[in-house]
Amino acid sequence: METTQQAEQQRSARTRRRQLLEAADRVVLRDGPQASMNAIAAEAGITKPILYRHFGDKGGLYRALAKRHTDALLDALRTALDAPAERRRRVEATLDTYLAAIEARPQVYRFLMHPAEDAHLPEQGFDVGRHSAPLLRRLGEELAKVIEERVDLGPDSEQLSRVWGHGIVGMMHGAGDWWLGERPCSREQLVRSLADLLWGRLADVSDRAGGPGF
């Protein structure tokens with residue numbers, strides 16, 4: 404009986420946590436980096452102490468939101484990499500998936516990557532500047548794993564895969580951030596240009612034997 408009750412409590416807690424993250428998402432979509440714990444608590448119909456009880460502090464809530472969106476982005480990137488197409492098209496599709504994601508939800512992107520200008524004021528925004536680097540590192544490590552399992556980079560495969568993974572994520576982030584702010588060209592033009600930059604080595608490398616291919 405006790406085990407059943409504990410399992411039900413855990414399910415209830417997971418459901419409540421998901422509901423709170425959905426409420427936070429709605430506020431972030433509206434307010435971007437200016438999203439506050441007060442606004443999120445109000446959106447969820449609870450008091451701020453209850454929100455703290457679930458996430459600890461603003462940093463805890465930020466990390467939970469970052470994981471939620473990073474997980475979804477990684478799933479989308481893997482789907483693009485697994486598409487039944489030749490390698491160049493899959494490289495372009497992967498770049499486009501990232502750019503389409505930040506274009507579709509720019510307020511979420513800015514919340515995750517850009518601190519609010521007045522973040523030093525009480526309850527005005529999240530101190531996200533110190534959190535964005537770990538998020539990018541996670542993306543880099545995940546992409547490195549994908550590269551290592553798919554392509555043969557020789558005896559230094561693990562190290563080179565990490566170099567490639569973090570380098571590609573840095574390129575996507577830097578170019579995407581600039582493009583989202585200035586819109587100097589179409590998304591399609593940016594995708595082609597970035598793919599051209601990557602293509603020289605990617606065109607030559609062999610798929611890893613027994614792997615899913617790149």
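Here the sequence shown stands for residues 404 to 617, where the numbers follow our numbering.
Quick reminder that beta carbons are idealized off the backbone N, C-alpha and C, glycines included.
Residue i beta carbon near the ligand NAD (any heavy atom closer than 8 Å)
| i | result |
| --- | --- |
| L542 | As far as ligands go, the structure on display features none, and thus does not contain the ligand NAD. |
Assigned secondary structure, residue i (DSSP; H/G/I helix, E/B strand, else coil)
| i | result |
| --- | --- |
| V608 | coil |
| D555 | strand |
| T406 | helix |
| A536 | helix |
| F514 | helix |
| Q527 | Its pLDDT being 49, under 50, Q527 is placed unreliably in this model, and the value from its coordinates should be taken loosely. Three-state result, Q527: coil. |
| F458 | helix |
| G616 | coil |
| D485 | coil |
| A522 | Below a pLDDT of 50, predicted positions are generally treated as unreliable, and A522, at 47, falls in that range; the measurement from the model is reported next regardless. In this structure, A522 counts as coil in the three-state DSSP scheme. |
| I550 | helix |
| G463 | helix |
| R429 | helix |
| G448 | coil |
| S560 | helix |
| R590 | helix |
First and last residue of the uninterrupted alpha helix (DSSP H) at residue i
| i | result |
| --- | --- |
| A438 | Looking at the DSSP string, A438 is not in any alpha helix (DSSP H), and its letter there is neither H nor E. |
| T352 | Residue 352 cannot be examined here, being either before or after the span of the chain that is shown, 404 to 617. |
Top-ranked residue by Cα proximity to residue i, from the options
| i | options | result |
| --- | --- | --- |
| A504 | P436, D580 and E585 | D580 |
| R595 | P487, G573, L432 and R491 | R491 |
| N441 | G435, G568, L454 and S589 | L454 |
| L597 | G614, G577, G613 and R611 | G577 |
| I449 | Y501, R466 and A426 | A426 |
| Q510 | E495, G584 and R414 | G584 |
Beta-carbon proximity of residue i to residue j, cut-off 9 Å
| i | j | result |
| --- | --- | --- |
| R540 | H517 | no |
| R420 | H457 | yes |
| Q550 | S535 | The question names Gln, yet the displayed sequence has Ile at residue 550. No. Outside cutoff. |
| V566 | D610 | no |
Contact with chain B by residue i, beta-carbon distance below 9 Å
| i | result |
| --- | --- |
| P587 | No chain B is present in this structure, which holds just one protein chain. |
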